[in-house]
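Beneath this line is the structure, given in structure tokens, with notes to follow.
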Amino acid sequence: MEFALIFKILLITIVFVITLVVAMYSTLAERKVAAFLQDRIGPNRAGPFGLLQPLADGVKFFFKEEIIPTHSNKWLFILGPCLAMLTAGMTSAVLPWGDVINIDGVDYMLQGTDINIGILYIFGVTSIGVYGIMIGGWASNNKFSLLGAIRASSQMISYELAMGLSMIAIVMMSGTLSVREIVEQQDGFNWNIWYQPVGFIIFLICSLAETNRAPFDLPECETELVGGYHTEYSSMKLGFYLFSEYINMFISCGVIAAVYFGGYNFPFMHDLGLSDNAVAILGVVAFFAKIIFGIFFFMWIRWTLPRFRYDQLMKLGWQYLIPLAILNVLITGAVMIFTK
Amino acid sequence: MVSNKELTFMESLYFPAIIKGMMITISHLFTRKATISYPEVQREFAPVYRGKHVLKRDAKGAENCTACGLCAVACPAEAITMTAAERKKGEEALYREEKYAAVYEINMLRCIFCGLCEEACPKEAIFLTDEIVKTSYEREDFIYGKDKLVESLDKRIDITKRQKKY
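Residue numbers (my numbering), protein chains in the order written: chain X, -9 to 330; chain A, 106 to 271.
What follows is the structure in structure tokens.
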């Protein structure tokens, strides 16, 4: 087999494994960060500093009893979490993890695939992600689950609009939908956040809403809806729902880092005098550093802000963010014309 | 006093408030944590801490308890049960009075460690110490009989701080 094929398969496997591992340790990080922000220490018994805790949680989920409610729709009940997990994993294919590395004179891209409609693909997959939650809530045959699913789906589709609109400003500036080219144009310290601060704020708020993170976690809060759309789930199906939420968080931070924070670029990357391969590897490290800071930021926000009420949430999405995003597009266009 | 001022434009964006809140939260990341890592670190107990019970003996080694049943009546959780017996000829050194408890059981799962039995006892026989009841996976292990409650002759437990001063 050609080396290129082997490299690609290896890269895809590594990216998949890293996604799962990062999501796994995000569950531990969530508990540790939550604890440290609340003047306590989190789980520290499972291994040194609690590092084997995700393993313990995974084993716990496998050993729990599988309960499928009698009057539920059995196939949809099982399909919901599978769909959530599928769409969570699909997006990582187009994120550019690093620059090209040169092995034996041939350039290899550190990316799953560089389709030229990368941004559109990401939004498409995110939209399908709504189905996972809706199907789960509907198939449970439970009023609270249905309410949670309805709230979740309406919240997610409302905030997708503002997300897309703020992305249009970036696409206008970059002239391309491909994620790799957007990252390549942010060389060194020339990141998009300096040019689109308002767009970044809108995109950040919409990412919080898309991944059902606090303060937008009304679909799954315990105080209001018992468990929301995952009330009736147990064992690994619940594990899939919770895990897919963490994978979504990881991927959202990845998209934010790639589009607004320069992806694998870091300041002074060409002035260090290192070989191209070394700069590419450092770029991967820089990308992951940005993602990890993004994940920490999501958790930081969760433990600071109270939850939105449902009508406040809808009002924010439709009446404030969409006009602001449209205004952002108009101003970006005007500035682009006047500086031409 | 209630203030009815409308929010200014900057305030209604909530950004300054959110940033201030996040600064407060992050400052808690660097404070000392309030958690005590038991069992490596243990907190000091008060001198009157109510833990596991002990049936005391007097200075000569005879058991104080006369199975009067006042502790069982006083117990709000009905955790104490006993069976009385009469002292035989050669047992004067073992028991103080003619009536003694042949079987004395406390169900540690029912006990709420309130100390009312200690207050009710007229013979200063039962006291609560600062030992903690050991854990187990079986319910039967928690019914403590006289073998676990009566203090042994060589390891006397000091309860002078718990005795009532009249």
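We put the beta carbon where it would ideally sit given N, CA and C, even for glycine.
Practice prompt. Could you name the residues that DSSP lists as bridge partners for tyrosine 205 of chain A?
Written response: A:Ala190
Worksheet item: DSSP on arginine 170 of chain X, reduced to helix/strand/coil?
Response: helix
Fill in: Partner residues on chain C for leucine 134 of chain A, Cβ-Cβ distance less than 7 Å
Reference to chain C is not applicable here, since the protein chains of this structure are X and A.
Practice prompt. Pull up the distance between the alpha-carbon of methionine 25 of chain X and that of serine 265 of chain X, whole angstroms please.
Written response: What sits at residue 25 of chain X in the sequence shown is alanine, not methionine. The C-alpha of serine 265 of chain X is placed about 42 Å away from the C-alpha of alanine 25 of chain X.
Practice prompt. Using the Cα positions of leucine 151 of chain X and methionine 80 of chain X, report the straight-line distance between them to the nearest angstrom.
Written response: 21 Å
Discussion item. Any beta carbon of chain A sitting closer than 8 Å to that of isoleucine 31 of chain X?
Written reply: yes
Item to complete: From the DSSP output, in three-state form, read off methionine 259 of chain X for me.
Response: coil
Item to complete: Taking 8 Å as the cut-off, decide whether the C-beta atoms of leucine 27 of chain X and histidine 158 of chain A are in contact.
Response: no
Discussion item. Quick check on tyrosine 223 of chain X: does DSSP put it in helix, strand or coil?
Written reply: Look at tyrosine 223 of chain X here: in three-state DSSP terms it is coil, with no helix or strand label.
Worksheet item: Which bits of chain A does tryptophan 290 of chain X rub up against, with CB to CB less than 8 Å?
Response: Met127, Thr130 and Ile131
Discussion item. Please list, in chain order, the chain X residues whose beta carbon lies closer than 7 Å to that of threonine 140 of chain A.
Written reply: Arg30 and Ile31
Practice prompt. Quick one: list the residues of chain A neighbouring leucine 295 of chain X, beta-carbon separation under 8 Å, in chain order.
Written response: Ile123 and Gly126
Worksheet item: Assuming asparagine 255 of chain X contacts serine 168 of chain X under a Cβ cut-off of 8 Å, what Cβ separation, rounded to an integer in Å, is found between them?
Response: The pair is not a contact, with the Cβ atoms about 16 Å apart (cut-off 8 Å).
Discussion item. Please classify histidine 61 of chain X as buried or exposed, where buried requires at least 16 neighbouring CB atoms within 10 angstroms.
Written reply: exposed
Item to complete: Just the C-alpha distance for valine 269 of chain X and glutamine 186 of chain X, rounded to the nearest angstrom, thanks.
Response: 26 Å
Item to complete: Figure out for me which residue from X:Phe286, X:Tyr310 and X:Thr294 has the closest Cα to the Cα of serine 148 of chain X.
Response: The shortest Cα separation from serine 148 of chain X among X:Phe286, X:Tyr310 and X:Thr294 belongs to X:Tyr310.
Worksheet item: What separation, rounded to the nearest whole angstrom, lies between the Cα atoms of glycine 48 of chain X and leucine 228 of chain X?
Response: 11 Å
Discussion item. Does the stretch 155 to 165 of chain X come into contact with the stretch 93 to 102 of chain X, if we say contact requires no fewer than three beta-carbon pairs (one atom in each stretch) closer than 8 Å?
Written reply: no
Practice prompt. Along the beta strand (DSSP E) that carries isoleucine 231 of chain A, what are the first and last residues, could you check?
Written response: 231 to 233
Item to complete: Report the residue from A:Glu145, A:Met213 and A:Ala122 whose alpha carbon sits nearest the alpha carbon of lysine 253 of chain A.
Response: A:Met213
Worksheet item: In angstroms, rounded to a whole number, what distance separates the CA positions of leucine 295 of chain X and isoleucine 57 of chain X?
Response: The alpha-carbon atoms of leucine 295 of chain X and isoleucine 57 of chain X are separated by roughly 34 Å.
Fill in: Reference serine 197 of chain X; option with closest CA among X:Asn132, X:Asp89 and X:Phe287
X:Phe287
Item to complete: Taking 8 Å as the cut-off, decide whether the C-beta atoms of cysteine 226 of chain A and proline 181 of chain A are in contact.
Response: Their beta carbons are not under 8 Å apart, which means cysteine 226 of chain A does not touch proline 181 of chain A by this criterion.
Worksheet item: Within the chosen definition, does the stretch 310 to 327 of chain X reach the stretch 218 to 237 of chain X through at least 3 CB pairs nearer than 8 Å?
Response: no
Worksheet entry | For leucine 100 of chain X: DSSP bridge partner residues | X:Gly88
Discussion item. Between X:Ile2, X:Leu0 and X:Leu10, which has its C-alpha nearest tyrosine 236 of chain X's C-alpha?
Written reply: X:Leu10
Worksheet item: In the DSSP assignment, what residue or residues form a beta bridge with valine 159 of chain A?
Response: By DSSP's assignment, valine 159 of chain A forms a beta bridge with A:Phe232.
Item to complete: Compute the Euclidean distance between the alpha carbons of leucine 233 of chain A and arginine 141 of chain X, then round it to the nearest angstrom.
Response: Going by C-alpha positions, leucine 233 of chain A is about 55 Å away from arginine 141 of chain X.
Discussion item. Based on DSSP bridge pairs, tell me the residues matched to tyrosine 250 of chain X.
Written reply: Tyrosine 250 of chain X is not bridged to any residue.
Worksheet item: Cα-Cα, which of A:Glu202, A:Asp263 and A:Tyr242 is closest to alanine 190 of chain A?
Response: A:Glu202
Discussion item. Give me, in chain order, the residues of the same chain whose beta-carbon lies closer than 7 Å to that of cysteine 222 of chain A; leave out the 5 immediate sequence neighbours on both sides.
Written reply: Cys176, Ala179, Cys180, Ile185 and Ile231
Practice prompt. Using the Cα positions of methionine 259 of chain X and proline 209 of chain X, report the straight-line distance between them to the nearest angstrom.
Written response: Each residue's alpha carbon lies about 43 Å from the other.
Item to complete: Measure the C-alpha to C-alpha separation of glycine 263 of chain X and alanine -6 of chain X and round it to an integer number of angstroms.
Response: The C-alpha of alanine -6 of chain X is placed about 28 Å away from the C-alpha of glycine 263 of chain X.
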